[in-house]
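Heads up, the thing below is written out as structure tokens.
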Amino acid sequence: MVQDEVPLGRRRHCRSADARHRRNTARRERRFRRRDLRDAVAADEHCPDMDPVKLLRFYANQATAFRLRQKDKCLGDLSDGSAKPSACHWFESDYGQDPGLISEMPLLRSRLHSAVSEVLQDSSLHQDLLRWMDLPREKQSAETATLRALASAVSGAAGKLASSWSKLLQAPATPSSTCSIKTDLLRALLLATKGPGEVEDTLICDEIARGCRIGIEQPITATGLWPKDHGPKHTGYGLSISAASSWRNYSSCDPFTQEVVATLQSEVLKGHMRVCSSPPPGSVLTKLACVVKPSGAIRLIDDLRRSGVNERVRCDETISLSGLSAAAYILSEMRRRIPRGEKLIWIESDISSAFRHIPVHVEDQKYLVNFVDGKYYQHLRLPFGLRCSPLFWCRLFAAVHRVTKRLLSDDVDCGTGMIYVDDVGWVTSLPRALEVMVSILLVEESLGLNIAYEKLHITYRPHNLGYVWNLEDLTVTLPDDKRTKIMSDLSEVLASYSTSTVSSLLLDRLTGRLTWATQIAPMYGSELSPFYALQASARKHHLHRLRVGPAVAHSARVFLDLLQQPCMASTTASQLLGWVSPDTSGAVVVADASLTGLGGVVFALDGTSSGCTPASVEWFQVTYADSPLVQCLVPGDLLTSSDIGPLELLASVVGVVRALDRGYSMVTVLSDNVATVACINRRRAESPRMNETMRRLRLLWPSLGYSVISEHIEGKVNHLADFLSRSSSAERDQVLAAFGQEFDVQDLLRRLVIALS
């Protein structure tokens, strides 16, 4: 029998000793890896100033070390949605749990496999599912007969699975008295599948069983598995204890009076709400807003911010949402792990009415009351709009997700998954797709979750966070319908420029959509700044109508031109992550500028520093006196030290464009100029001239799918590029006689000039 453990409470350290050991081992390995690279770098730092071969080796080591740090940093910021980044287990099989120490695990897996076999042993259903998964994603939801048969088979097998797990773990498999969640069984599974000494969030089971306290009468207990909460964004609203005779919900409800009442009555019949003839003692009334879904149905939203409830909710933690980069990571890793030639497939599943699974404690229900058509409706389950609803739900769903990942971690082909609130995205190999999908459904159903079978998909073209992936080449695309909506909003903003005003609602909607869309186009993120500035001004001065200025109009035109090209609406997993596999691939640019010229080298990383031979290097040099094109790119009457930043960036961009022309999608720039490094990494700068150079790069290479990152190096080791920027032709012939090839930079500079003409 699984024994429960001491509640988490407010532990400062929630990690187990085993988890800390794994973390420290990984850190030690990374430290040794970086130290080996530093040793090679240190050996080269003391080489003669102009030994190009040794300098090349130094640059290769420096770029490789930087990329490894960038990869570690990126992984340290990613979450699969089940916990904060530092507590996520992306691939449970990587954690090397000893099966002998988790005695129930083989038996739990055996019972799950038996349940899967029971579902798929129906040859008719099995054939229907094989035919269903071969359909395009948009046609799968229409196969209602197949989905109903699957739901029926899963429901029957899940009941038996829950009973068998219950007997094995000696834990009740009955639903909680307040909802459908089998809290006792979930707690037992969490404890039976976790590693030795690893801490689990069993408190969520206790809170659901008694009804969740929403954080007003007493704070919500921290688990240590989620990021720290920084309090409500909006404060200053008083509690709404208004007289019902003067009460009005939002005007969005007025055209749908019958639908609003019908929705509330439906919630009452489901046991999610109850009707009261008079307001409960101490109740807080909350206004309702109505949102029409694309399907035509309505969604009711409780405005618990203006009723003053949300700002009184006290919780120490908040949720950690997975992002597009998380999907890119699991796809890239699965491509690397599965046998060559085997296809990846994505499983999409969804939970219906997620928040409504979780009950509210009876003493806190008074804070969640609506008034419609002369009746009081009191929430018995978590409503949409309550500040702590996402936290409670994500804690529950994350617990179920962790159990699922552990049970399926015995075979790498089973893959791994991520969650986004109530959505599951699971990547697996094609031969295991049906088995893994049924396993996920069985675990969820056996624990009392209500699955939305109409949203179930197995596809090569999954929808993830609003984007569409292509699993064959690991590219992600902005869907045409969303691209069209953004273009329509941009056109409206441009049409109003200098002639009329735009509404703050349009500005908020467009800014949000552009922020979302630039996930696949980070090079264009700097163009959002004017939108953010105008949005901040509107909020500060409580403006409902705004006049569009030239900065916003310019950025709107940039985005519109970008989105009008279909090829600009997609990118790759590598670009989203900022690295490629292996870590030692791509191109390196080392550049410098002086007050007399520009210079730099471009070379490929091909696995080891020894592979970076002088013959594989290209270099360039420009003397300002011989190239008037530089004056067009960095305007100025007389070059001074204040021009070094723009000149250094121009030198780096010349190298970047050359690397992109050669077909590299990952470019690492090494520069001794801090402003240049910051501008490349942030895609913008305080200097207008540097921003213009970045804009020329984007226009010259109007495509996505490439990544440019920069690392700062000390000036004392940037000998080669510095030499190129200052040397005469005779000096270059003497030092670089057998070192690489010079490429003509004049045509490239001409292309940069024309880009903005």
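Residues 1 to 757 in full-length UniProt numbering are what the sequence shown spells out, letter by letter.
Note that beta-carbon positions come from the ideal geometry of N, C-alpha and C, so glycine has one too.
What residues match up with residue i in a beta bridge as DSSP calls it?
i: Y59; result: Partner(s): none; Y59 has no beta bridge.
i: W346; result: V427, T459
i: W619; result: V601, E742
i: T668; result: V588, I709
i: N464; result: Y467
i: T572; result: T475
i: Q378; result: R274, V369
i: D302; result: L288
i: Y420; result: D423
i: residue 786; result: Shown here, the chain extends from 1 to 757; a query on residue 786 therefore has no answer.
i: K228; result: E317
i: C212; result: V360
i: A593; result: L598
i: I440; result: In DSSP, I440 forms no bridge with anything.
Using CA coordinates, which residue listed in the options is at the minimum distance from residue i?
i: L595; options: D481, L528, F559, D722; result: D722
i: M690; options: D733, E267, I644; result: I644
i: I301; options: S252, L269, V268, S332; result: S252
i: V116; options: P281, L288, S155; result: S155
i: R682; options: I709, Q265, G76, A188; result: I709
i: H712; options: V261, I680, L704, V735; result: I680
i: A755; options: L396, D744, G715, L629; result: L629
i: L107; options: G159, P383, K84, S166; result: S166
i: A398; options: I319, Q127, A149; result: I319
i: K54; options: T404, H719, S529; result: H719
i: D413; options: V735, F355, S429; result: S429
i: C74; options: T64, R509, P85; result: P85
i: V588; options: T572, S642, R658, R547; result: R658
i: L125; options: E138, T146, A171, N470; result: T146
i: A158; options: S353, L189, R111; result: R111
i: S82; options: V268, G341, S176, W393; result: W393
i: R751; options: R695, L724, E742, F739; result: R695
i: C632; options: Q746, R335, D229; result: Q746
i: A341; options: E472, D733, S728; result: A small correction: the amino acid at residue 341 is Gly; Ala does not occupy that position in the sequence shown. Checked all of E472, D733, S728; the closest Cα to G341 is E472.
i: A289; options: E259, E714, G271, M273; result: E259
i: F58; options: A730, F620, V590, W619; result: V590
i: S114; options: K160, D134, G425, V424; result: K160
Within 10 angstroms of its Cβ, does residue i collect 16 or more other Cβ (buried), or is it exposed?
i: S79; result: buried
i: T640; result: exposed
i: I520; result: buried
i: A495; result: exposed
i: Y532; result: exposed
i: V41; result: Note that V41 scores a pLDDT of 49, beneath 50, so its modelled location is shaky and nothing firm can be said.
i: G385; result: buried
i: G323; result: buried
i: T668; result: buried
i: T144; result: exposed
i: Q3; result: Low per-residue confidence applies at Q3: pLDDT is 46, beneath 50, and the placement is therefore not dependable, though the value from the model is reported in the following sentence. Exposed.
i: D201; result: buried
i: V548; result: buried
i: residue 827; result: Look at the range of the chain in this structure, 1 to 757, and you will see that residue 827 is not part of it.
i: D94; result: exposed
i: A737; result: exposed
i: Y250; result: exposed
i: G578; result: buried
i: A192; result: buried
i: S610; result: Summary for S610: the model assigns pLDDT 47, below 50, so the residue's position carries little reliability; its value from the coordinates is reported in the next sentence. Flag for S610 reads exposed.
i: R131; result: exposed
Just to check, is the beta-carbon of residue i closer than 7 angstroms to a non-hydrogen atom of the ligand ZN?
i: L598; result: Judged by which ligands are present, the structure shown has none, so any question about the ligand ZN falls away.
Review point. Can we say the region 528-537 touches the region 438-453, given the rule of at least three CB pairs closer than 8 angstroms?
Key: no
Item to complete: Would you check if the region 448-466 and the region 336-350 touch, i.e. whether three or more CB-CB distances between them fall below 8 angstroms?
Response: yes
* Asked: With a cut-off of 8 angstroms, do at least 3 Cβ pairs link the region 586-605 to the region 618-625?
  -> With the rule of 3 Cβ pairs closer than 8 angstroms, the region 586-605 counts as touching the region 618-625.
Across the region 551-558 and the region 483-494, are there enough close Cβ pairs to call them in contact, namely three or more that are closer than 8 angstroms?
yes
Can you give, in chain order, each stretch of the alpha helix (DSSP H) that sits fully within the region 61-135 and has at least 4 residues?
-> 105-120, 123-133
Exercise for review: Just list the beta strand (DSSP E) runs in the region 480-550, keeping only unbroken ones of 3 residues or longer that don't cross its boundaries, in chain order.
Suggested key: 501-503, 545-547
Next item on the list: Answer yes if the region 197-212 comes into contact with the region 301-315, meaning at least three C-beta pairs across the two stretches below 8 angstroms, and no otherwise.
Entry: no
Worksheet item: Are at least three pairs of beta-carbons, each pair with one atom in the region 218-235 and one in the region 312-322, less than 8 angstroms apart?
Response: Flag = yes, the region 218-235 and the region 312-322 touch.
Are the region 364-381 and the region 278-286 touching, with three or more C-beta to C-beta distances below 8 angstroms? yes
List, from N- to C-terminal side, the alpha helix (DSSP H) runs of 4 residues or more that fit wholly inside the region 311-364. The DSSP assignment places complete alpha helix (DSSP H) segments of no fewer than 4 residues inside the region 311-364 at 324-337, in order along the chain.
Three or more C-beta pairs below 8 angstroms linking the region 376-394 and the region 260-278: Pairwise C-beta distances place the region 376-394 in contact with the region 260-278, as three or more of them are shorter than 8 angstroms.
* **Secondary structure, alpha helix (DSSP H): runs of 4+ residues fully inside the region 143-191** => Counting whole runs of 4 or more residues, the region 143-191 contains the alpha helix (DSSP H) stretches 144-169.
* To do: Could you name each continuous alpha helix (DSSP H) segment of 4 residues or more that falls completely within the region 632-700, going from the start of the chain to the end?
  => 644-661, 674-682, 688-700
Pairing CB atoms from the region 567-576 with CB atoms from the region 686-705, are three or more of them under 8 angstroms?
yes
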